[in-house]
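The letter at position 157 of the sequence shown is residue 173 when you use UniProt numbering, and the numbering goes up by one with no holes.
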Amino acid sequence: PALPRVFSGIQPTADSFHLGNYLGALRQWVAMQDTHDAFYCVVDLHAITIEHDPAVLRRRTKVAAAQLLAMGVDPDRATVFVQSHVPEHAELAWVLGCLTGFGEAGRMTQFKDKSSKQGSAGTSVGLFTYPVLQAADILLYSPEPGPDAPDLRVPVGEDQRQHLELTRTLAGRFNHRFGETFVAPEAFIPKDAAKITDLQEPTAKMSKSASSPQGIVDVLEDPGPMRKKIMRAVTDTGSEVVYDEEKKAGVTNLLRIYSALEGTSVADLEARYAGSGYGQFKKDLAQVVLDTFTPIRERTLRLLDDEERLERLLAHGAGRASAVAERTMEIVRDRVGF
Ligand code: ADP
Ligand code: NA
Numbered sequence: 017p018a019l020p021r022v023f024s025g026i027q028p029t030a031d032s033f034h035l036g037n038y039l040g041a042l043r044q045w046v047a048m049q050d051t052h053d054a055f056y057c058v059v060d061l062h063a064i065t066i067e068h069d070p071a072v073l074r075r076r077t078k079v080a081a082a083q084l085l086a087m088g089v090d091p092d093r094a095t096v097f098v099q100s101h102v103p104e105h106a107e108l109a110w111v112l113g114c115l116t117g118f119g120e121a122g123r124m125t126q127f128k129d130k131s132s133k134q135g136s137a138g139t140s141v142g143l144f145t146y147p148v149l150q151a152a153d154i155l156l157y158s159p160e161p162g163p164d165a166p167d168l169r170v171p172v173g174e175d176q177r178q179h180l181e182l183t184r185t186l187a188g189r190f191n192h193r194f195g196e197t198f199v200a201p202e203a204f205i206p207k208d209a210a211k212i213t214d215l216q217e218p219t220a221k222m223s224k225s226a227s228s229p230q231g232i233v234d235v236l237e238d239p240g241p242m243r244k245k246i247m248r249a250v251t252d253t254g255s256e257v258v259y260d261e262e263k264k265a266g267v268t269n270l271l272r273i274y275s276a277l278e279g280t281s282v283a284d285l286e287a288r289y290a291g292s293g294y295g296q297f298k299k300d301l302a303q304v305v306l307d308t309f310t311p312i313r314e315r316t317l318r319l320l321d322d323e324e325r326l327e328r329l330l331a332h333g334a335g336r337a338s339a340v341a342e343r344t345m346e347i348v349r350d351r352v353g354f
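Take a look at the structure:
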């Protein structure tokens with residue numbers, strides 16, 4: 017039987033991914049290519065829903081793609097590509113937008129949050145229809161429905177559940193109006209995905225938009241500053257290395273990072289550091305973080321230095337994605353009456 021499909025996208029909105037992106041999403045991308053027919057997309061169309069600089073976007077798109085490959089996403093097993101290289105994303109988004117109610121789109125809580133930050137003058141129609149483009153991103157890679165159709169899976173955090181629900185609704189609505197075309201995608205939380213908090217404000221999520229430079233560890237950061245940030249991570253006035261989300265949020269976050277990166281249980285780490293204080297614990301953790309990210313950083317920089325190779329890999333990914341997306345759109349165009 018065919019492997020289940022998985023689709024996931026990430027925005028090129030920073031010059032590096034961070035530790036939270038890695039442990040909460042990207043490491044799972046690498047793992048899922050063994051068990052899924054995986055489609056991984058750098059969603060640059062989504063990155064222009066708020067004001068942007070073209071040169072910065074172009075650079076960040078390349079850096080994002082290079083990091084995915086450097087982390088171990090294998091371009092011969094997974095389909096790794098840039099959204100704008102496959103124009104069918106925008107075309108299907110238009111069709112799905114015409115099936116979306118204005119009020120239905122207006123109920124998306126992410127839009128309410130983001131638009132309230134932009135103010136009404138800075139809020140684009142693109143920001144409003146963003147979830148429709150996400151639906152198109154996913155449904156373009158739908159297997160053909162039928163009794164033997166493989167699953168279509170989408171890894172989602174809590175904040176994206178409502179958008180996936182809209183995608184399922186739109187898939188069902190299209191099928192109902194025009195005939196069975198899409199498999200309804202299923203949300204799933206990938207195994208071992210860890211929520212990472214800010215190193216300086218350990219009760220808040222580590223986030224590129226909200227974290228201070230000292231609170232966030234970038235995948236591409238130089239080793240010196242990276243080590244310092246871990247050493248200076250906020251803990252508490254105690255000295256016990258124990259997991260306690262409420263009373264010891266800082267230590268708990270560090271234990272979670274350590275456990276995820278080394279593959280050791282939290283209980284084993286607590287036992288290893290019983291009585292040794294925070295200093296040694298952080299020093300060892302810093303080494304584990306460096307050991308993880310140094311090779312990724314080096315591979316990323318090598319790929320960015322060899323622009324021709326990176327472009328060749330992305331053209332290869334776009335070709336694989338297009339083969340599926342074009343087939344889906346042929347069916348969609350025909351059913352819609354084009
Ligand atoms: P940010 O929150 O920094 O803006 P994004 O929203 O672009 O990052 O998230 C990209 C991916 O990384 C998503 O799958 C998201 O769930 C995951 N992610 C982001 N921050 C964290 C975090 N602190 N811990 C775990 N996963 C995270
Ligand atoms: Na975010």
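Don't be surprised by glycine CBs; every beta carbon is placed ideally from N, CA and C.
- Contact annotation: Ile154 and Phe23 have beta-carbon atoms nearer than 9 Å.
- Collapsing the DSSP output to three states places Ile212 in coil.
- Judged by DSSP in its simplified three-state form, Leu306 adopts helix.
- From the listed residues Pro17, Ala18, Pro20 and Gly40, the smallest Cα separation to Ala276 is found for Gly40.
- Put simply, of Lys244, Ala18, Leu73 and Leu149 the residue whose alpha carbon is nearest the alpha carbon of Leu182 is Leu149.
- By the Cβ rule, the stretch 210 to 225 does not count as touching the stretch 286 to 303, because fewer than three pairs are nearer than 8 Å.
- Thr251 and Asn37 have their alpha carbons spaced roughly 22 Å apart.
- Boundaries for Pro20: no alpha helix (DSSP H) harbours it, and the DSSP string shows neither H nor E there.
- When DSSP states are grouped into helix, strand and coil, Pro171 belongs to the strand group.
- Residue state for Tyr289 is assigned as coil, using DSSP reduced to three classes.
- Apart from sequence neighbours up to five positions away, the residues of its chain that approach Leu85 with a beta-carbon distance below 7 Å are Pro91, Val96, Leu319 and Leu329, ordered along the chain.
- Apart from sequence neighbours up to five positions away, the residues of its chain that approach Val46 with a beta-carbon distance below 7 Å are Met87, Gly88 and Val89, ordered along the chain.
- Counting only residues of its own chain and dropping the five nearest sequence neighbours on each side, Arg76 has a CB closer than 8 Å to the CB of Pro28, Thr29, Ala30, Asp31 and Ala63.
- In the structure shown, Ala54 falls within a strand segment according to DSSP collapsed to helix, strand and coil.
- For His34, the beta-bridge partners assigned by DSSP are Asp234.
- In the DSSP assignment, Ala106 falls within the unbroken alpha helix (DSSP H) covering Glu104 to Gly113.
- Within the stretch 129 to 204, the complete alpha helix (DSSP H) runs of at least 4 residues fall at 141 to 155 and 177 to 194.
- Annotation: Phe118 is outside any beta strand (DSSP E); the continuous alpha helix (DSSP H) that includes it extends over Phe118 to Gly122.
- Thr197 sits close to Val348, with the two beta carbons spaced by under 9 Å.
- Boundaries of the alpha helix (DSSP H) harbouring Val72: Pro70 to Met87, taken from the DSSP string.
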